[in-house]
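Working notes, beginning with the structure itself.
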Amino acid sequence: MKRVIMVSAAALLVGAALSAPVQAQRQGPEAEYVVLYKDGATGARQAIEAAGGVVVKENTAVGLATVTTSRADFAAALASDGAIEGVARNRTIGQAPPSARAVGTARRTDTVEKEGHDAGRGKAGPTAGRPRPGAEPLAELQWDMKQMNATADGSHRYNQGGRDVVVAILDTGVDGTHPDIAPNFSNALSRNFTTDIPADANGAPVDGPCADEADGSCEDAANVDENGHGTHVASSIGSPINRLGIAGVAPKVTLVNLRAGQDSGYFFLQPSVDALTYAGDHGIDVVNMSYYIDPWLFNCTDNAADSPADRAEQAVIIKATQRALDYAHRRGVTLVAAAGNQAADYTKPYVDTSSPDFASEPGEAPYERTIPPSCISMPGEGRNVISVSATGISKRKSYFSSFGNGFVDVSAPGGDVYDTAANTRDVTKATLSAYPEQLARDNGELNPDGSPNVDYVVRDCQRGTCAYYQYLQGTSMASPRAAGVAALIVSRYGHRDPRHGGKTLNPSIVESVLKASATRTSCPTPPAFTYTRHLPNGTTVTATHLCEGGRARNGFYGSGIVDALDAVR
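Take the sequence shown: its position 372, counting from 1, is numbered 372 in my numbering, and each next residue is one higher.
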């Protein structure tokens with residue numbers, strides 16, 4: 001089944017692990033596949049070519065290739081080859097229908113993360129109170145940083161990270177020109193591993209028109225974010241202390257954009273694998289992964305609801321992603337990921353109705369599957385990945401945050417707009433971080449004078465420079481806060497990296513310090529906690545989540561809520 005999306009043959013390949021694409025004449029109707037090589041095997045490329053395939057992209061570190069072919073039995077021809085681990089269909093190559101390109105950018109909106117935005121039209125955003133001495137102008141709006149002691153009178157007094165610690169954001173991109181990101185952003189190290197997809201196989205718009213219509217390119221620059229998600233994440237980790245807006249957890253680290261996500265918010269296998277191996281090859285200390293690899297929320301190898309082709313594809317996703325995670329981890333990269341916004345206990349059976357979430361064949365749509373705990377969400381459940389749940393302002397587990405004793409490693413502030421005394425929505429209980437100005441303008445969220453006209457966007461202007469910020473909630477917001485603390489740990493305890501310069505620290509040590517310094521947080525009493533939410537439409541929603549485990553480790557908080565001050569002091 002054609003679900004895993006790859007970059008085009010013309011994509012720029014970077015890093016020692018990535019080989020140049022092979023150019024070849026192709027005739028007849030083509031299909032696209034991903035092929036996973038057996039670990040350590042030789043002759044895989046020759047086997048692909050013998051079966052009628054043309055390799056258009058190859059990651060030799062992991063042994064993953066994008067292949068085009070007009071041979072209908074291509075997968076069957078490779079099935080018994082000793083050099084091949086697995087073969088799965090990928091998306092069809094071709095131009096999107098003109099009608100799809102005219103629709104404009106369509107975005108796969110996470111309704112959890114933007115909860116509260118629809119209620120804020122026509123309202124001015126909050127006004128920050130007087131900041132404490134040494135704090136940034138909007139610091140009083142950062143309840144999340146107070147919760148984890150990443151403040152001017154907390155961890156920032158002792159350690160703010162350093163330029164020799166490098167944190168990569170695997171996301172929808174990063175606005176490297178944002179005034180509250182640019183001072184810490186590395187254009188030289190940043191890369192974009194994606195290609196814009198105008199439409200899916202059903203003709204529905206995905207990323208919309210390509211950004212650069214002049215030369216037909218569908219590849220954005222490596223300092224661009226046309227979604228906003230990755231910019232929010234980057235800012236949470238490392239917005240500088242520059243008397244403008246906010247400060248991140250580690251305000252002096254180097255930020256790198258390793259873009260693995262589409263404008264629309266989809267994340268596919270090949271870009272994620274390429275970004276991880278690049279991180280391992282280029283001295284990245286910490287990566288943040290606030291996503292799961294599409295099109296499957298959970299990957300199963302033996303689910304009765306799935307076709308043989310679906311199972312084969314999910315097996316490839318599991319194996320290829322884990323190889324890339326292992327590659328990065330062995331080379332000193334600390335791996336941090338969001339636990340997910342499904343409010344699901346990952347240690348119990350779960351009914352998934354969202355997968356496959358991308359149509360790569362006409363008529364394809366999600367269907368219901370019962371997911372046992374043996375199925376894996378990638379990269380969050382990968383080996384050596386620190387999985388982060390989200391907390392609200394009261395320190396309760398956020399209503400949307402997935403959980404599970406043995407799944408969650410630590411927790412961090414991610415927001416909860418219903419964490420209020422009356423259980424009604426308050427957007428300021430989400431988390432505030434940087435927002436690309438162009439997106440705010442494109443979305444009609446600014447008045448003609450540049451002031452916000454919605455309550456979830458905040459502007460700060462200092463010394464003739466204005467910057468914009470937005471409120472978002474999600475485990476996507478919790479994960480970068482934990483990643484920021486991990487960066488502080490590398491800064492505090494790391495040693496010189498003989499391969500790349502800067503600092504490095506064994507990721508296992510980083511994880512140990514992160515967990516040991518976290519604030520132990522017990523399950524609620526009673527442990528079956530009921531969430532009540534009074535929605536703006538007048539309805540009330542309740543849900544009960546069971547917290548299992550003790551104070552030292554449990555399914556809501558893992559080893560505890562990360563604490564930046566204890567981690568460095």
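All C-beta atoms, glycine included, are put in the ideal place defined by N, C-alpha and C. Only a predicted model underlies this, so the values are computations on that prediction, with no experimental measurement involved.
query                                                                                                                                                                                          : result
How would you label Ala-434, buried or exposed, when you count the other beta carbons within 10 angstroms and need 16 or more for buried?                                                      : buried
Identify every run of the alpha helix (DSSP H) within the region 398 to 474, keeping only runs that are complete inside it and at least 4 residues long; order them along the chain.           : 437 to 442
So, under 8 Å CB-CB, Thr-194 and Gly-261 are touching, yes? Tell me the CB distance rounded to an integer number of Å.                                                                         : 7 Å
In three-state DSSP terms, what is Phe-267?                                                                                                                                                    : strand
Straight-line CA distance for Asp-73 to Ala-79?                                                                                                                                                : 10 Å
Just the Cα atoms here: how many angstroms apart are Met-6 and Arg-89?                                                                                                                         : In this predicted model, Met-6 has a pLDDT of only 31, less than 50, meaning its place in the structure is not dependable enough to derive any value.
I need the boundaries of the alpha helix (DSSP H) containing Gly-549, first residue and last residue.                                                                                          : Segment: none, Gly-549 is in no alpha helix (DSSP H) and carries neither H nor E.
State yes or no: is the C-beta of Ala-279 within less than 8 Å of the C-beta of Leu-258?                                                                                                       : yes
Here's a check: name, in chain order, each residue in its chain whose Cβ is nearer than 6 Å to the Cβ of Lys-123, leaving out the five neighbours to either side.                              : Asp-455
Find out if the Cβ-Cβ distance for the pair Gly-574, Thr-69 is shorter than 8 Å.                                                                                                               : Here the chain covers residues 1 to 569 and nothing more, so residue 574 does not appear.
Please look up how many angstroms separate the CB atoms of Val-233 and Ile-169, rounded, as I've assumed it's under 8 Å.                                                                       : 5 Å
Please report how far the alpha carbon of Gly-570 lies from the alpha carbon of Glu-226, in whole angstroms.                                                                                   : The structure shown does not extend to residue 570, since the chain spans only 1 to 569, so no value can be given for it.
Please go through the same chain and pick out, in chain order, the residues whose beta-carbon is closer than 6 Å to the beta-carbon of Asp-442, but skip the five residues on each side of it. : none
Kindly indicate the opening and closing residues of the alpha helix (DSSP H) around Ala-77.                                                                                                    : 74 to 78
Between the Cα of Val-388 and the Cα atoms of Ser-411, Gly-208, Gln-438, which residue gives the shortest distance?                                                                            : Ser-411
Helix, strand or coil, according to DSSP, for Pro-21 in the structure here?                                                                                                                    : Here the model assigns Pro-21 a pLDDT of 40, short of 50, so the residue's position is not dependable and the matter cannot be decided.
Mark Cys-158 as exposed unless 16 or more other C-beta atoms lie within 10 angstroms of its C-beta, in which case mark it buried.                                                              : A quick correction: the sequence has Tyr, not Cys, at residue 158. Classification of Tyr-158: exposed, given that the 10 Å Cβ count is below 16.
Does the distance from the CB of Pro-240 to the CB of Asn-184 come in under 8 Å?                                                                                                               : yes
In chain order, what are the residue ranges of uninterrupted alpha helix (DSSP H) at least 4 long that sit wholly in the region 495 to 562?                                                    : 507 to 517
Determine the burial state of Asn-323: buried for a count of at least 16 other Cβ atoms within 10 Å of its Cβ, exposed for fewer.                                                              : Checking the sequence shown, residue 323 turns out to be Arg, not Asn. Buried is the call here.
What are the boundary residues of the alpha helix (DSSP H) that includes Lys-146?                                                                                                              : 143 to 147
Around the C-beta of Asp-449, are 16 or more other C-beta atoms found within 10 angstroms, so that it is buried, or is it exposed?                                                             : exposed
Are the Cβ atoms of Asn-453 and Ile-376 separated by less than 8 Å?                                                                                                                            : no
May I have the straight-line CA-CA distance separating Thr-532 from Asn-423, to the nearest angstrom?                                                                                          : 6 Å
Does the Cβ-Cβ distance between Ala-152 and Arg-130 come in under 8 Å?                                                                                                                         : no
Return helix, strand or coil for Thr-151, following the three-state DSSP convention.                                                                                                           : coil
Distance check for Val-408 and Gly-555, CA to CA, integer angstroms please.                                                                                                                    : 6 Å
Starting from Ala-47, follow the alpha helix (DSSP H) in both directions and report where the run begins and ends.                                                                             : 44 to 50
Out of curiosity, what's the CA-to-CA distance linking Asn-192 and Tyr-33?                                                                                                                     : 21 Å
What are the residues that DSSP puts in a beta bridge with Thr-334?                                                                                                                            : Val-286
Confirm, please, whether the CB-CB distance from Thr-301 to Pro-379 is below 8 Å.                                                                                                              : no
Can you tell me the Cβ-Cβ gap for Gly-154 and Leu-546, rounded? I've got them flagged as a contact below 8 Å.                                                                                  : With 8 Å as the limit, Gly-154 and Leu-546 do not qualify as a contact, their Cβ atoms being about 33 Å apart.
Nearest-angstrom Cα distance between Pro-586 and Thr-465?                                                                                                                                      : Residue 586 lies beyond the range of the chain shown here (1 to 569); nothing can be said about it.
For Asp-306 and Leu-297, I'd like the C-alpha separation in whole angstroms.                                                                                                                   : 14 Å
Classify Tyr-367 as buried or exposed, calling it buried when 16 or more other Cβ atoms lie within 10 Å of its own Cβ.                                                                         : exposed
Any idea if Gln-23 is buried or exposed, counting beta-carbon neighbours within 10 angstroms, 16 or more meaning buried?                                                                       : For Gln-23, the predicted structure reports a pLDDT of 39, less than 50, and the residue's modelled location is therefore unreliable. A value from the coordinates is still provided. By the 10 Å Cβ count, Gln-23 comes out exposed.
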